[in-house]
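Comments concern the structure below.
In our numbering, the protein residues as written are 116 to 292.
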């Protein structure tokens, strides 16, 4: 896993084999960040990384200039790893160990981008719950977006809040407003 762009460009991050994660591939991550960079100025936005896992996406946002990054994951091995790597990389990423659904239900957090990378085994009902909790509860700032990373066979094309979807290999990103 490596950071693609920004002040930490090219830096490799090795994560322990016992972390229950599936980091976003470099090709998919590069495609995602090209889309984001065409729509946002990184220095001017805030980001919430749901199901943060290894912190791969959080590190990329921070490296590109986002100063307010909040990473949330339920697994203590993951959150401890993100805290350790954030310090090592001199990044001010905030980390919360909590169930993502409970966090969204009980905390009022506003951001420009909510990025969610739930386990690919999560069913459509849970994915719709994320959309409901973030988009419909007005957590997104004006012009904000919820991005869900998911297996390409999941189809959101009929969802009333979808504005875009892109696929890179087996990985899809769906954008909701």
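Where a beta carbon is used, it is the ideal one built from N, C-alpha and C, also for glycine.
Predicted, not measured: the structure shown is a model, and the values here were computed from it.
- For residue 215, the enclosing alpha helix (DSSP H) begins and ends at 215 to 221.
- DSSP, reduced to helix, strand and coil, places residue 241 within a helical segment of the structure shown.
- With respect to the 8 Å criterion, residue 271 and residue 277 are classified as neighbours on the basis of their beta carbons.
- Judged by DSSP in its simplified three-state form, residue 247 adopts helix.
- By alpha-carbon distance to residue 126, the top candidate from 149, 157 and 174 is 174.
- Annotation for residue 187: the continuous beta strand (DSSP E) segment containing it runs 183 to 188.
- In the DSSP assignment, residue 273 falls outside any beta strand (DSSP E), carrying neither H nor E.
- Residue 239 is classed as exposed because its beta carbon has fewer than 16 other beta carbons within 10 Å across all chains shown.
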